[in-house]
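Here the structure comes first, spelled out in structure tokens, and everything after it is commentary.
In this note's numbering, the protein residues as written are 1193 to 1380.
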């Protein structure tokens, strides 16, 4: 299957085919409004502002599976994201990204780019967050490293203009790495 065969429900309740984004570079991520990684909203919005006219689309999927950090309904999440975080890219209805009720799009993304570890980040605050996430995961599931499941909020997948899922970035990875990947794909 191709990513373009998958659909997701937007905030208006309409099914949107991923083929709508054909020919664009996509940054697809799961989010939560009360997560320690919410400063990444600023980074992602900056990327969208900088590269949208060159063909970058950002698709956000709120998810409440990690620490119940997105308890609001879709309309409340939309308000929080616009008012508190100032983001204006495409946001979809809240979904599950793991388990029996996972949105099939996320099952596909995980099958194309599995978990390869948490990567590195030079910021001390992000190193601490990485340590905290790893500790929580180890308590819940000591075998978490051997699963392609999404581990936490703000896991990002990058899709090239041909629909290939080319990269997965964990929330602890440096956003400069994400930008480098996007820049390279936009010039191809």
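Backbone N, C-alpha and C fix where the C-beta goes; we use that ideal spot for every residue, glycine too.
Because the structure is a prediction, the values reported are computed rather than measured.
Cα separation between residue i and residue j?
i: residue 1374; j: residue 1250; result: 11 Å
i: residue 1320; j: residue 1228; result: Its pLDDT being 46, under 50, residue 1320 is placed unreliably by the model, and the measurement read from it follows with that caveat. Straight-line Cα distance between these residues: approximately 11 Å.
i: residue 1361; j: residue 1370; result: 7 Å
i: residue 1259; j: residue 1198; result: 27 Å
i: residue 1203; j: residue 1299; result: 21 Å
i: residue 1278; j: residue 1339; result: 34 Å
i: residue 1195; j: residue 1376; result: 20 Å
i: residue 1266; j: residue 1225; result: 11 Å
i: residue 1214; j: residue 1264; result: 31 Å
i: residue 1237; j: residue 1280; result: 7 Å
i: residue 1295; j: residue 1270; result: 19 Å
i: residue 1235; j: residue 1292; result: 31 Å
i: residue 1254; j: residue 1212; result: 20 Å
Would you mind working out which of the options sits nearest residue i, comparing C-alpha positions?
i: residue 1222; options: 1292, 1256, 1235 and 1213; result: 1256
i: residue 1397; options: 1213, 1252 and 1296; result: Because residue 1397 is not part of the residues shown, which for the chain are 1193 to 1380, the question remains open.
i: residue 1352; options: 1292, 1243, 1309 and 1380; result: 1380
i: residue 1193; options: 1308, 1297, 1241 and 1309; result: 1297
i: residue 1282; options: 1232, 1219, 1234 and 1308; result: 1219
i: residue 1367; options: 1286, 1240 and 1212; result: 1240
i: residue 1216; options: 1245, 1233 and 1232; result: 1245
i: residue 1248; options: 1365, 1364 and 1350; result: 1350
Just grab the DSSP bridge partners of residue i for me.
i: residue 1360; result: 1349
i: residue 1289; result: In the DSSP output, where bridge partners are listed per residue, residue 1289 has none listed.
i: residue 1284; result: 1202
i: residue 1209; result: 1199
i: residue 1218; result: 1249 and 1351
Any beta carbon from chain C within less than 8 Å of residue i's own beta carbon?
i: residue 1287; result: Within the model displayed, chain C is absent; a lone protein chain is all it includes.
Quick one: is residue i buried, meaning 16 or more other Cβ sit within 10 Å of its Cβ, or exposed?
i: residue 1348; result: buried
i: residue 1290; result: buried
i: residue 1200; result: buried
i: residue 1242; result: exposed
i: residue 1372; result: exposed
i: residue 1286; result: buried
Is the region 1341-1357 touching the region 1299-1310 in the sense that three or more CB pairs, one from each, lie closer than 8 Å?
A contact between stretches requires three or more CB pairs, one per stretch, nearer than 8 Å, and the region 1299-1310 meets this requirement with the region 1341-1357.
Using a Cβ distance threshold of 8 Å, determine whether the region 1340-1347 contacts the region 1201-1215, with at least three qualifying pairs required.
no
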